[in-house]
Amino acid sequence: MRFSSKRITRSFAVTISIVLSVSVINTLPATGSTASMGAMLENGILFPIVEQTNLGKIVTTPCNTEIVYNGGEFLESVDVVIDPGHGGPETGSVGANGLVERDLNLIVALLVEEELLSLGYSVALTRRTDLHMPIRQRTAIANALSPKAFVSIHHNGGAVRRSDVPGTEIFHHVSNPESKRLAGLLFEEIFEAFNNYWVPWVSTVHNGASSRLSEPGRDAYGILRNTPEIPSAIAEAIYLSNPPEAELMTLPEVQQNEANAITRAIHRFISTSDPGSGFKPSFIDGVMTGTGSARGCVDSEHEQDLEVTVAYANDEFASLTAAARKAGMSVEEFQMFGVHALDLFLKLDPESDSSQEEITAPAVTGSNVSTVSWSAESQVALARVGEKYGFTSSEVQKMGATLMVFLTSLD
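Residue numbers are given in the working numbering: position 31 of the sequence shown equals residue 29, and the series is strictly consecutive.
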């Protein structure tokens, strides 16, 4: 739960600064861990693991929000991660015939998965339905599962220059040679598959395998920028914005041929040392705009609330009630706010050694009982502080209350 500084009295200066800091930190998107910690899989949705705590696993949701999560099946790693680009309100390109890129990307991705499974590879898809998912979550999944290859499937838009050949464009990481090799193999296979058809193609000068940069040395695409250690590539097979190509892509045979081409490229990448081809120099596109943010992303309920009960002695509860009233909060909000403040301190000083701090767990007994309901998202602070100090959830909640009572006394 986030609280506004408007609810705090003017004299509560110290706590105001904490409110602002907590609000800023809690609204930052989770980045996910770069270490391979695996993911939890439930109902086709992957939740990459960020941290293991005594309260449960801290994971990121499809909207890239950290929650405490205890469901699903553990998936340690896979051979290949396939990312069907776009999803939800992010349609991507839309053909004149109404074919929507987000849907086509998923169709082809599911076909690729089927083909790779038939070859004996383990496969994960970042999404299996029409799901809004920011780039950070897609790359968090890839980083968590540490695949041998990570391919994001797209179908392009915008080109108008007529061409005798398909305008296939594959993008690779600017400084990862294996990413470049994967891109070269994808270009070979996808270009050849579509070159067997004749339609009035369109293309750009970037037809081939290259790196698109926002500035020298920096990949423009977050899919590549956020997975520097993984062989990753973005495949823009054809131009869906070109009506003849959009019509071609409605044919199940063509969709299957594209999937087969992507599968062959991935198989060659993993099983051979083939170098790939079609490479073009890196180029800077300083005005490129894209999708893939978490703005407007709404998660489903992935976990139940947790109720944590703490008992207070009479004098403790009297101090707590008075301090909460002074701050303009309920007793329940006040305790939760204190835990978020403790979590903030850990974020500001993540290297602190709790073993040197000699913090004794507070007693959680008494005749006055207070119960706080913690959402899966707010449980993250509870879990991290508890893991840091070896405290139970009740002890953390009371420690947060103790901190807040102390802060209110500073004025």
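Positions of the beta carbon are idealized from the N, C-alpha and C atoms, including for glycine. All values reported here derive from a predicted model rather than from experimental measurement.
Quiz item: Just reading off the beta strand (DSSP E) that M247 is part of, what are its end residues?
Solution: Start at 1 with the first residue of the sequence shown, and residue 247 comes out as number 249. Taken as a continuous stretch (DSSP letters only), M247 belongs to no beta strand (DSSP E), as it is neither H nor E.
Quiz item: Roughly how far, in whole angstroms, is the beta-carbon of A259 from the beta-carbon of E187, given that I think they are within contact range, below 8 Å?
Solution: Working through the sequence shown from its first residue, we reach residue 259 at position 261. Working through the sequence shown from its first residue, we reach residue 187 at position 189. A259 to E187, Cβ: 4 Å. Contact.
Self-check item: Expected contact under 8 Å - CB spacing of L304 and A231 to nearest Å
Solution: Along the sequence shown, one-based indexing puts residue 304 at 306. Along the sequence shown, one-based indexing puts residue 231 at 233. Between A231 and L304 the Cβ distance is about 41 Å, and since that is not below 8 Å, they are no contact.
Practice problem: Look at the alpha carbon of S291 and the alpha carbon of S91, and state the distance between them as a whole number of angstroms. | Solution: Walking along the sequence shown from the start, residue 291 turns up at place 293. Walking along the sequence shown from the start, residue 91 turns up at place 93. If I take the Cα positions, the gap works out to 17 Å.
Quiz item: Sorted by chain position, which residues of the same chain lie with C-beta nearer than 7 Å to V200's C-beta, five sequence neighbours on each side aside?
Solution: Looking up residue 200 in the sequence shown gives position 202. A157, V158, R159, R160, S161, G165, Y237 and N240, listed in sequence order.
Quiz item: Based on the DSSP secondary-structure assignment, which residues constitute the bridge partners of Y67?
Solution: What you label residue 67 is simply residue 69 of the sequence shown in a count that begins at 1. K55.
Quiz item: So, is M247 buried or exposed, given that buried needs 16 or more other C-beta atoms within 10 angstroms?
Solution: To locate residue 247, count along the sequence shown from 1; it is residue 249. Buried: at least 16 other Cβ atoms inside 10 Å.
Self-check item: Three-way DSSP call (helix, strand, coil) for V383 in this model
Solution: Within the sequence shown, the letter at position 385 stands for residue 383. In the structure shown, V383 sits in a helix (DSSP, three-state: H, G or I).
Quiz item: Contact between the region 114 to 128 and the region 260 to 271: three or more CB pairs below 8 Å?
Solution: yes
Exercise. Could you spell out where the alpha helix (DSSP H) holding V197 opens and where it closes?
Key: As a position in the sequence shown, residue 197 is number 199, starting the count at 1. No alpha helix (DSSP H) contains V197, which DSSP labels as neither H nor E.
Quiz item: Taking just the CA atoms, how far does G54 sit from G86?
Solution: Counted from its first residue, the sequence shown places residue 86 at position 88. Counted from its first residue, the sequence shown places residue 54 at position 56. Cα to Cα, G86 sits roughly 29 Å from G54.
Exercise. Measure from the alpha carbon of V296 to the alpha carbon of each residue in M35, T59, T51 and F45, then state which is nearest.
Key: Here residue 296 refers to the residue found at position 298 of the sequence shown. If we check each option's Cα against that of V296, T59 comes out closest.
Quiz item: Going by beta carbon distance, what residues of the same chain come within less than 7 Å of A379, once the five residues before and after it are set aside?
Solution: The residue given as residue 379 occupies position 381 in the sequence shown. Here the set comprises V337, H338 and D341.
Practice problem: Report buried or exposed for E167, applying the criterion of at least 16 other Cβ atoms within 10 angstroms of its Cβ. | Solution: Translated into the one-based positions of the sequence shown, residue 167 becomes position 169. So E167 counts as buried.
Self-check item: Residues bridged to A233 [DSSP beta-bridge criterion]
Solution: Translated into positions along the sequence shown, residue 233 becomes position 235. Answer is I151 and I168, bridged to A233.
Quiz item: If you run the structure through DSSP and keep just helix, strand and coil, what is G336?
Solution: Here the question's residue 336 lines up with position 338 in the sequence shown. Helix at G336.
Practice problem: May I have the straight-line CA-CA distance separating I282 from L102, to the nearest angstrom? | Solution: For the purposes of this step, residue 282 is taken as residue 284 along the sequence shown, with counting starting at 1. For the purposes of this step, residue 102 is taken as residue 104 along the sequence shown, with counting starting at 1. Roughly 28 Å between the two C-alpha positions.
Quiz item: Taking the Cβ atom as the reference point for each residue, do V403 and A321 lie within a distance shorter than 7 Å?
Solution: Taking the first residue of the sequence shown as position 1, residue 403 is located at position 405. Taking the first residue of the sequence shown as position 1, residue 321 is located at position 323. Cβ atoms of V403 and A321: closer than 7 Å.
Exercise. Round the Cβ separation of E299 and T63 to the nearest angstrom and send it over; I've been treating them as touching at under 8 Å.
Key: On the sequence shown, position 301 is the one that residue 299 refers to. On the sequence shown, position 65 is the one that residue 63 refers to. No, E299 and T63 are not in contact; Cβ-Cβ is about 12 Å, not under 8 Å.
Quiz item: Would you call M397 buried or exposed, if buried means 16 or more other Cβ atoms sit within 10 Å of its Cβ?
Solution: For the purposes of this step, residue 397 is taken as the residue at position 399 of the sequence shown. Under this definition M397 is a buried residue.
Quiz item: When you compare only the Cα positions, how much space is there between I357 and S392?
Solution: As a first step, residue 357 must be located in the sequence shown, where it is residue number 359. As a first step, residue 392 must be located in the sequence shown, where it is residue number 394. Approximately 15 Å, taken between the alpha carbons.
Quiz prompt | beta strand (DSSP E) runs wholly inside the region 103 to 162, at least 3 long, in chain order | solution = 121 to 123, 147 to 154 and 159 to 161
Practice problem: Kindly confirm or deny that the region 219 to 226 and the region 126 to 139 touch, where touching means at least three C-beta pairs closer than 8 Å. | Solution: yes
Quiz item: Would you call Q395 buried or exposed, if buried means 16 or more other Cβ atoms sit within 10 Å of its Cβ?
Solution: As a working mapping, residue 395 is identified with position 397 in the sequence shown. Classification for Q395: buried.
Quiz item: Sorted by chain position, which residues of the same chain lie with C-beta nearer than 8 Å to S144's C-beta, five sequence neighbours on each side aside?
Solution: Locating residue 144 in the sequence shown gives position 146, counting from the first residue. So the qualifying residues of the chain are S34, S75 and I228.
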